[in-house]
Every structure is written in structure tokens, then in C-alpha cells.
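Numbering (full-length UniProt numbering), first residue to last: 1 to 271. Beta carbons are placed, not taken as given, at the ideal position from N, Cα and C, and that holds for glycine. Structure record follows, encoded as C-alpha cells.
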Amino acid sequence: MPDSRTVLLEAKDLSVAFRARGGQRGEFKHALKNVSLEVRRGERVGVVGESGSGKSTLGTVLAGLRRPDEGTVRFDGTDLATLSSGALRALRSRLQIVLQDPSTSLNPRMSVERIIREGLDVHTRLSEADIAQRVNSAMSSMRLPRLLAPKRPPQLSGGQRQRVAVARSLVLRPDLVILDEPVSALDMSVQAQLLNLLLDVQEAADLTYVFIVHDLRVARWFCDRILVMHEGEIVEAADSETFFERPEHPYSIGLLAAVLNQPPAPKGRTQ
């Protein structure tokens with residue numbers, strides 16, 4: 001049955017090339033090759049593949065942080081390439097990205113509270129009372145107690161830092177969040193806590209997620225649709241149940257075979 005939900009993010013024929021290290025002069029390696037995709041409102045789209053497959057490059061292009069060499073990205077019908085720097089900056093309040101390593105994306109000299117409110121200072125003209133309410137709400141949604149507000153990132157655990165990074169995105173009340181390997185550095189129990197919180201927030205705020213992940217067990221548990229990347233291309237796209245039960249591309253079949261004997265992804269919702 002066709003999906004009637006509105007297309008929120010659309011990419012067509014994206015290509016990105018980098019100068020190849022150690023190669024001959026003028027030799028380039030494609031990180032993305034003619035990538036096209038659609039993400040509909042309310043989806044949790046998983047982008048899977050091995051390291052070097054182009055997943056993170058795709059994430060930065062979709063978020064408007066990197067311009068593709070070729071192709072277009074449209075968010076809610078707007079071509080990102082047509083926007084001025086100011087208009088693109090304003091749009092980013094609706095289109096957020098959470099990077100893989102919070103230790104590099106969070107300013108170690110800023111408090112948790114200041115990190116989370118920073119986007120509100122840039123993108124809104126809210127009163128101090130409204131900003132405080134938004135910050136408290138974002139911290140609560142990520143189960144970050146108020147006693148952590150004056151702390152700095154080096155004083156937090158890895159799981160707490162990642163939740164701060166997510167709260168910093170959620171405080172702007174975006175429509176779509178791109179999550180680049182948000183649980184890869186966390187142990188399984190902390191992974192489960194963060195994933196459950198992300199599901200709770202999605203239900204409460206009608207969010208859409210693009211979830212970049214290399215762990216297929218996590219993808220199977222969290223995502224409702226899967227895009228498989230290999231050498232800069234999307235080689236398979238299917239709903240999660242179909243992909244895990246009946247993969248079609250040889251690369252997908254190989255990926256799944258590699259994890260068949262591993263323990264399942266964490267199950268159960270945090271109460």
C-alpha cells in the first residue's frame with residue numbers, strides 16, 4: 001500500500017567526490033554517487049552500511065552542512081541550494097543533526113544549560129522565562145536532572161553527553177533530526193535508554209528521524225525503513241520487516257549474515 005504521509009526530505013542524484021589520498025594528481029574518490037531518497041513525516045529511516053560507505057557524508061549533505069557536487073536536497077519543498085546563508089541558518093532550526101561524537105561537538109567550557117539554550121539564543125527571540133521553560137523541557141525529555149545544568153561536558157558520562165547533544169537539537173522543536181551513530185560509543189543498556197527516549201520524544205512531538213547506524217541489530221529494533229549504502233550508493237531500500245526477512249541485494253545479504261549469530265538488539269521500553 002502506498003505511503004500517504006507527506007514527503008519532508010527529498011534528495012535527487014546526490015554526488016560528492018573527494019581527492020583520493022595517495023592517488024595520482026586529479027584522481028577523486030566518490031563518497032556519494034547518484035544517491036536519491038525520500039523521507040516522509042513521522043518515519044524512522046535507517047541508513048546502514050559499513051564504515052566508509054558514505055553514510056556520514058550523506059548525513060551532512062542532507063542537513064545542509066555540505067553542498068553536494070551534483071544533485072539537490074529539498075526540505076519541505078525548499079531546495080537548500082537556493083537559500084542564502086541566513087535563510088539556511090534559519091531553516092536549520094527545523095532540520096537538526098546530532099553528530100556521532102559529543103566530546104567533539106559539545107564545547108567543553110560551556111555548561112549543559114548554556115549548550116542546550118544556545119540554539120534558542122541564535123534562532124529565536126523568546127523571553128528568558130520561555131527559554132528556561134524550553135531548556136527544562138528538553139532536559140526532562142532526555143532524563144537529564146537539573147543538577148547537571150551547571151556541569152560541563154567533561155564532567156558527564158558518555159551517555160549523558162549524548163543526551164545533552166540530543167536535547168540541544170530537541171530544544172528548537174525541529175521537524176526532522178538526523179542522528180549520526182548516536183549510540184555507537186555506548187554500552188547496550190545505555191543504548192536502550194537513549195533509543196527509548198528518542199521513541200518517546202517522537203511520539204510526543206511528531207518528529208521524523210534519519211538514523212545513521214552500522215549496527216543492524218539496533219536498526220532492526222529502532223527503524224521502520226532501511227536504506228543500505230555501499231561504496232557511496234544506495235543499493236537497497238525496503239521497509240524494515242521486508243529487509244530483515246527477505247533482503248535482495250548480495251551486499252545486504254552479506255551484511256545480515258555477518259550478524260546472525262550476534263545477540264539481539266535491546267528490547268523493551270523505558271518506563
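Determine the contact status of residue i and residue j, defining contact as a CB-CB distance below 8 Å.
| i | j | result |
| --- | --- | --- |
| Ser169 | Val177 | yes |
| Leu186 | Val47 | no |
| Asp200 | Glu43 | no |
| Val112 | Val164 | yes |
| His123 | Leu172 | yes |
| Gln162 | Pro182 | yes |
| Thr153 | Pro102 | The identity of residue 153 in the sequence shown is Pro, whereas the question assumes Thr. Cβ atoms of Pro153 and Pro102: closer than 8 Å. |
Cα separation between residue i and residue j?
| i | j | result |
| --- | --- | --- |
| residue 272 | Arg117 | The question about residue 272 has no answer, for the chain in this structure spans 1 to 271. |
| Leu14 | Ser56 | 14 Å |
| Ala11 | Thr72 | 6 Å |
| Leu198 | Val166 | 9 Å |
| Leu255 | Asp121 | 44 Å |
| His249 | Phe243 | 10 Å |
| Met229 | Ser53 | 6 Å |
| Ala81 | Ala129 | 36 Å |
| Val213 | Gly49 | 8 Å |
| Met19 | Glu27 | Checking the sequence, you will find Arg at residue 19 rather than Met. Roughly 6 Å between the two C-alpha positions. |
| Leu83 | Asp76 | 13 Å |
| Ala238 | Asp180 | 20 Å |
| Glu203 | Arg67 | 31 Å |
| Ser189 | Leu148 | 21 Å |
Tell me the DSSP bridge mates of residue i?
| i | result |
| --- | --- |
| Val177 | Gln96, Tyr209 |
| Arg44 | Tyr209 |
| Arg19 | Phe28 |
| Lys12 | Thr72 |
| Leu37 | Ala11 |
Which runs of the beta strand (DSSP E), 3 residues or longer, sit entirely within the stretch 94 to 130? 95 to 98
Cβ contact (3+ pairs, closer than 8 Å) linking the stretch 91 to 104 and the stretch 61 to 71: yes
Mind pulling the alpha helix (DSSP H) runs of 4 or more residues that sit fully within the stretch 175 to 258? 188 to 205, 216 to 222, 240 to 245
The stretch 214 to 234 contacting the stretch 26 to 38, beta-carbon criterion three pairs below 8 Å: yes
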